[in-house]
Structure formats: structure tokens, C-alpha cells
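Residue numbers (our numbering): 3 to 108.
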């Protein structure tokens with residue numbers, strides 16, 4: 003069996019190689035600072051997204067106009083809720099994972 007390295011080329015990898023930009027360490031530090039600044043708002047944000055998700059589920063059950071855009075919106079809300087681990091709320095991620103699995107995969 004032969005192993006071959008595959009080079010991934012995307013916008014981020016190109017930007018990282020450019021001179022004068024942020025270093026990887028600076029980008030990580032900036033992301034960490036953003037997460038820390040956002041943590042106090044996390045529970046309010048999740049509560050709002052859960053209410054919006056519930057409204058989308060109610061619409062799906064009660065009307066004929068629940069279309070693919072509504073489905074995509076619901077899936078995106080659930081996927082965003084999965085970020086709980088980033089904010090120190092790993093259980094939220096676990097519950098949202100189950101939600102995504104049970105509601106959107108079949």
C-alpha cells in the first residue's frame with residue numbers, strides 16, 4: 003500500500019502563507035479572545051435559537067408550506083447549537099448532536 007500526501011489548498015492556507023498577515027498564533031489568540039467575550043451571552047443565544055428551532059418544528063408539523071428553505075434553516079439552527087463545547091457547554095453539543103441525528107436524518 004502506497005501512501006500519498008495530499009496538499010489542501012484553500013483561502014485560509016493561502017492567507018497563512020502571505021507575508022504581513024496574522025500568524026497562526028495571533029489568529030488563535032484572537033479567536034480565543036472572541037470566545038471568552040461571547041461566553042456570557044451564550045445561554046441567552048442558545049435559548050433564542052431553541053425557540054426559533056421550536057417554531058420551525060411547529061411550522062413543519064402544522065403546515066404545507068414547510069419547504070426546503072425552512073428545513074435548511076432548522077438544520078442550520080441545530081448545527082449552530084452544536085457549538086456548545088466551544089463555550090464550555092459540552093452537554094449542549096451532545097444534545098444538539100442527538101437532535102440533528104433524530105430530526106434530520108430520517
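Virtual Cβ for every residue (Gly too), placed ideally from N, Cα, C. Model, not experiment: these values are computed from the prediction.
Put residue 9 into one of helix, strand or coil per three-state DSSP.
coil
Span of the alpha helix (DSSP H) holding residue 71?
Here the alpha helix (DSSP H) through residue 71 covers 70-83.
Going by DSSP in three states, residue 34 sits in which element: helix, strand or coil?
helix
Just to confirm the assignment, what range does the alpha helix (DSSP H) spanning residue 54 have?
44-64
Let's test the definition: count the other Cβ atoms within 10 Å of the Cβ of residue 55 and tell me whether it reaches 16, buried, or not, exposed.
buried
Confirm, please, whether the CB-CB distance from residue 89 to residue 26 is below 8 Å.
no
Quick check on the burial criterion: 16 or more other C-beta atoms within 10 angstroms. Buried or exposed for residue 78?
exposed
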